[in-house]
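Engineer: The sequence shown runs 12 to 413 under the working numbering. C-beta: ideal position from N, C-alpha, C; glycine also.
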Amino acid sequence: MSDLAFKARELDAGDQLSSKRAEFVLDEVVYLDGNSLGALPSAVPARVADVVGRQWGELRIRSWEESGWWTAPERIGDRIAPLVGAGAGQVVVGDSTSVNVFKALVGAVRLAGDGRDEILVDATTFPTDGYIAESAARLTGRTLRAVTPAEVPAALSDRTAAVLLNHVDYRTGRLHDLPGLTAAVHATGAIAVWDLCHSAGALPVGLDEHGVDLAVGCTYKYLNGGPGSPAYLYVRRDLQDRFDSPLPGWNSHAEPFGMRSEYEPAPGALRGRVGTPDILSMLALEAALDVWEGVTIEAVRAKSLALTDLFLECVGEYVPAGRVESLTPLTHAERGSQVALRCDDAGDVMKSLIARGVVGDFRHPDVLRFGFTPLYVGFADVERAARVLGEVTGGAAPAHGR
Numbered sequence: 012m013s014d015l016a017f018k019a020r021e022l023d024a025g026d027q028l029s030s031k032r033a034e035f036v037l038d039e040v041v042y043l044d045g046n047s048l049g050a051l052p053s054a055v056p057a058r059v060a061d062v063v064g065r066q067w068g069e070l071r072i073r074s075w076e077e078s079g080w081w082t083a084p085e086r087i088g089d090r091i092a093p094l095v096g097a098g099a100g101q102v103v104v105g106d107s108t109s110v111n112v113f114k115a116l117v118g119a120v121r122l123a124g125d126g127r128d129e130i131l132v133d134a135t136t137f138p139t140d141g142y143i144a145e146s147a148a149r150l151t152g153r154t155l156r157a158v159t160p161a162e163v164p165a166a167l168s169d170r171t172a173a174v175l176l177n178h179v180d181y182r183t184g185r186l187h188d189l190p191g192l193t194a195a196v197h198a199t200g201a202i203a204v205w206d207l208c209h210s211a212g213a214l215p216v217g218l219d220e221h222g223v224d225l226a227v228g229c230t231y232k233y234l235n236g237g238p239g240s241p242a243y244l245y246v247r248r249d250l251q252d253r254f255d256s257p258l259p260g261w262n263s264h265a266e267p268f269g270m271r272s273e274y275e276p277a278p279g280a281l282r283g284r285v286g287t288p289d290i291l292s293m294l295a296l297e298a299a300l301d302v303w304e305g306v307t308i309e310a311v312r313a314k315s316l317a318l319t320d321l322f323l324e325c326v327g328e329y330v331p332a333g334r335v336e337s338l339t340p341l342t343h344a345e346r347g348s349q350v351a352l353r354c355d356d357a358g359d360v361m362k363s364l365i366a367r368g369v370v371g372d373f374r375h376p377d378v379l380r381f382g383f384t385p386l387y388v389g390f391a392d393v394e395r396a397a398r399v400l401g402e403v404t405g406g407a408a409p410a411h412g413r
């Protein structure tokens, strides 16, 4: 056993989250793609079978009340809230991330008022956020300017209506300064909108603590909600009575069954709802969230950093010098829960890794991306993944130590 393999075994022995692994459906594959799609929690299949067979099959329409379907968006939102540092009554679940980005960004412009004519968007953002921001700018008559997160403070002015930023860069895994950037946005009177897709469930966010105005996120990555599981929208409590959604629907009406022609928004975060909730995927998500019982996000963060530290150490030891280049910051304060490695033949390398039981993903043109989900990824997994990467990239077998 190599020294690093021995170190991984010792770390696994002291891992306080190791028991959570049994709550997922796993196999012998080292799964490091939870930043794209989380593994299946064991409780989900039976819960979904009950929703389909009993709640839908037997109770049918009665389930909207008797099975709690109608209140699912806010009920599940309250379960997500502690994972993003929010109090109850500020998160509502439903629709896709893209739809929620649109609601949040247009709502932010309306909150900012007519005197501000510019939207700033993260130039390094996931493409969809950029597409939505461009459409929101056209629809609201604002101009759109793309800047990197580091450029935001200098780009802010009294023209700025809203700023849309990613908490973690989806390509590099860089963690951006949510507290500092939010404070800078507020200092100029603008509205801060954060995309939490690559941070929620992997590290502390602190939405309430840092005064974030609006936030959105998906639930199928670190929250393990399943493919296409609904996203969520956070609206800070003191902004809720002024939040003017660009997608008013009957589900966000103060009296949804009144069928009135005039729209009156529901109180609180409920005004972020639009249409009929997607019940099957929403209740699968609710079951998936059971794995968070007894877990603190601080413990998850501590293990995440330890996992990525070990991976980077193992890559440095096992992979031939110059074969890969880390794009992920070494500094903990700037690192999310993934490691991105630049590699000339990244596409072929990832295919070889997957064939040998190590699953990450490839991002065009030359990035290997590995996501570390602390609830089910162990330290031995990390050492094995780096060792196989070393072998695939032409490294020698690791020397055996104690």
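1) For S109, which of helix, strand or coil comes out of DSSP?
2) Among A54, R121 and G371, which one has its Cα closest to the Cα of D252?
3) Since N236 and A161 are thought to touch, with beta carbons under 8 angstroms apart, how far apart are those beta carbons, to the nearest angstrom?
4) Looking only at its chain, what residues have a beta carbon closer than 6 angstroms to the beta carbon of E145, apart from the 5 residues adjacent to it on each side?
5) Let me know the secondary structure DSSP gives E336 once reduced to three states.
6) If you run the structure through DSSP and keep just helix, strand and coil, what is N235?
7) Go ahead and pull the three-state DSSP assignment for W80.
8) So, helix, strand or coil for L51, using DSSP?
9) Assuming G358 and F373 form a contact by the criterion Cβ under 8 angstroms, report the distance between their Cβ atoms to the nearest whole angstrom.
10) One question on the structure: do Y181 and L218 come within less than 9 angstroms of each other, judged by their Cβ atoms?
11) Who pairs with Q349 in a beta bridge, going by DSSP?
12) Give the DSSP-derived three-state secondary structure of R284 in the structure shown.
13) Could you check what DSSP says for D206 in three-state terms: helix, strand or coil?
14) Taking the alpha-carbon positions, what's the A173 to V102 distance?
15) Go ahead and label D169 buried or exposed: buried means 16 or more other beta carbons lie within 10 angstroms of its beta carbon, across all protein chains shown.
16) When you compare the CB positions of G212 and L94, do they come within less than 9 angstroms of one another, or not?
17) Taking 8 angstroms as the limit between beta carbons, can you name the residues of its chain near L296, skipping five residues before and five after?
18) Quick check on the burial criterion: 16 or more other C-beta atoms within 10 angstroms. Buried or exposed for T404?
19) Pull up the DSSP beta-bridge partners for T171, would you.
20) Give the range of the alpha helix (DSSP H) segment to which G228 is assigned.
21) Would you list the residues sitting across from A157 in a DSSP beta bridge?
22) Taking the beta carbon of V132 as the centre, do at least 16 other beta carbons fall within 10 Å, making it buried, or is it exposed?
23) Within 10 Å of its beta-carbon, does G25 have 16 or more other beta-carbons around it, so buried, or fewer, so exposed?
24) Helix, strand or coil, according to DSSP, for V41 in the structure here?
25) Assuming D249 is part of the beta strand (DSSP E), what are its boundary residues?
26) For E402 and C208, I'd like the C-alpha separation in whole angstroms.
27) Once the 5 residues before and after V196 are set aside, which same chain residues still bring their CB inside 6 angstroms of it?
28) How far does the beta strand (DSSP E) with R374 in it reach, from first residue to last?
29) Tell me which residues share the same chain as D355 and place their Cβ nearer than 8 angstroms to its Cβ, disregarding the 5 neighbours each side in the sequence.
30) Using 10 angstroms around the beta-carbon of G45, count the other beta-carbons present and answer buried if the total reaches 16, otherwise exposed.
31) Taking the DSSP output, what are the residues bridged to N177?
32) Would P84 be called buried (16 or more neighbouring beta carbons within 10 Å of its own) or exposed?
33) Suppose you measure from the CA of P340 to the CA of V350; what does that come to, to the nearest Å?
34) Confirm, please, whether the CB-CB distance from G286 to N262 is below 9 angstroms.
35) Quick one: what does DSSP say P409 is sitting in, helix, strand or coil?
36) Comparing C-alpha positions only, which one of K114, A157 and V158 sits nearest to A147?
Structural biologist: Let me lay it out:
1) Taking the first residue of the sequence shown as position 1, residue 109 is located at position 98. Under the three-state reduction of DSSP output, S109 falls in the helix class.
2) Against the sequence shown, residue 252 aligns to sequence position 241. Of the candidates A54, R121 and G371, the one whose C-alpha sits nearest the C-alpha of D252 is R121.
3) Position 225 of the sequence shown, counted from the first residue, corresponds to residue 236. Position 150 of the sequence shown, counted from the first residue, corresponds to residue 161. Note that residue 236 is Gly in the sequence shown, not Asn. Not really, about 32 angstroms apart at Cβ, beyond 8 angstroms.
4) Counted from its first residue, the sequence shown places residue 145 at position 134. For E145, where only same-chain residues beyond five positions count, the Cβ hits under 6 angstroms are L155.
5) Here the question's residue 336 lines up with position 325 in the sequence shown. Strand.
6) If you number the sequence shown from 1, residue 235 lands on position 224. In the structure shown, N235 sits in coil (DSSP, three-state: anything other than H, G, I, E or B).
7) As a position in the sequence shown, residue 80 is number 69, starting the count at 1. Three-state DSSP puts W80 in coil, outside helix and strand.
8) What you label residue 51 is simply residue 40 of the sequence shown in a count that begins at 1. In the three-state scheme derived from DSSP, where H, G and I count as helix and E and B as strand, L51 is classed as strand.
9) Locating residue 358 in the sequence shown gives position 347, counting from the first residue. Locating residue 373 in the sequence shown gives position 362, counting from the first residue. Confirmed, Cβ separation roughly 5 angstroms.
10) As a first step, residue 181 is located in the sequence shown; it is residue number 170 there, counting from the start. As a first step, residue 218 is located in the sequence shown; it is residue number 207 there, counting from the start. Result no, Cβ atoms of Y181 and L218 do not sit closer than 9 angstroms.
11) On the sequence shown, residue 349 is found 338 positions in, with the first residue counted as 1. Per DSSP, G382.
12) The residue given as residue 284 occupies position 273 in the sequence shown. Three-state DSSP puts R284 in coil, outside helix and strand.
13) Here residue 206 is taken as the residue at index 195 of the sequence shown, counted from 1. Looking at D206 - three-state DSSP - the assignment turns out to be strand.
14) For the purposes of this step, residue 173 is taken as residue 162 along the sequence shown, with counting starting at 1. For the purposes of this step, residue 102 is taken as residue 91 along the sequence shown, with counting starting at 1. Taking the straight line from one Cα to the other gives about 20 angstroms.
15) To locate residue 169, count along the sequence shown from 1; it is residue 158. The residue is exposed, with fewer than 16 neighbouring Cβ atoms inside 10 Å.
16) In the sequence shown, the residue the question calls residue 212 occupies position 201. In the sequence shown, the residue the question calls residue 94 occupies position 83. In contact: G212 and L94 (Cβ atoms closer than 9 angstroms).
17) On the sequence shown, residue 296 is found 285 positions in, with the first residue counted as 1. Correct list, in chain order: I87, V104, T230, L234, G236, G237, S240 and P241.
18) Here residue 404 corresponds to residue number 393 of the sequence shown, with the count starting at 1. T404 comes out buried.
19) By 1-based counting over the sequence shown, the position of residue 171 is 160. T171 pairs with E129.
20) For the purposes of this step, residue 228 is taken as the residue at position 217 of the sequence shown. That residue, G228, is in no alpha helix (DSSP H); its beta strand (DSSP E) goes L225 to G228.
21) For the purposes of this step, residue 157 is identified with residue 146 of the sequence shown, where counting begins at 1. Its beta-bridge partners are V132.
22) Residue 132 sits at position 121 when you count from the first residue of the sequence shown. So V132 counts as buried.
23) Numbered from its first residue, the sequence shown carries residue 25 at position 14. Exposed is the call here.
24) Locating residue 41 in the sequence shown gives position 30, counting from the first residue. Three-state result, V41: strand.
25) Locating residue 249 in the sequence shown gives position 238, counting from the first residue. Where D249 is concerned, there is no enclosing beta strand (DSSP E), given that its DSSP letter is neither H nor E.
26) Counting from 1 along the sequence shown, the entry for residue 402 is found at position 391. Counting from 1 along the sequence shown, the entry for residue 208 is found at position 197. When rounded, the distance between both Cα atoms is 32 angstroms.
27) Residue mapping note: residue 196 aligns to position 185 of the sequence shown, counting from 1. Within the same chain, V196 has close Cβ partners V174 and A203.
28) The count along the sequence shown starts at 1 and reaches residue 374 at position 363. Residues D372 to R374.
29) Looking up residue 355 in the sequence shown gives position 344. Once the five neighbours on either side are set aside, the close Cβ partners of D355 are D377.
30) On the sequence shown, position 34 is the one that residue 45 refers to. It counts as buried.
31) Residue 177 sits at position 166 when you count from the first residue of the sequence shown. N177 pairs with D206.
32) Indexing the sequence shown from 1 puts residue 84 at position 73. Looking at its Cβ environment, which holds 16 or more other Cβ atoms inside 10 Å, P84 is buried.
33) The count along the sequence shown starts at 1 and reaches residue 340 at position 329. The count along the sequence shown starts at 1 and reaches residue 350 at position 339. Cα-Cα distance, rounded: 9 angstroms.
34) Taking the first residue of the sequence shown as position 1, residue 262 is located at position 251. Taking the first residue of the sequence shown as position 1, residue 286 is located at position 275. In contact: N262 and G286 (Cβ atoms closer than 9 angstroms).
35) As a position in the sequence shown, residue 409 is number 398, starting the count at 1. Coil, per DSSP.
36) For this step, residue 147 is matched to residue 136 along the sequence shown. Comparing Cα-Cα distances from A147 to each of K114, A157 and V158, the minimum goes to K114.
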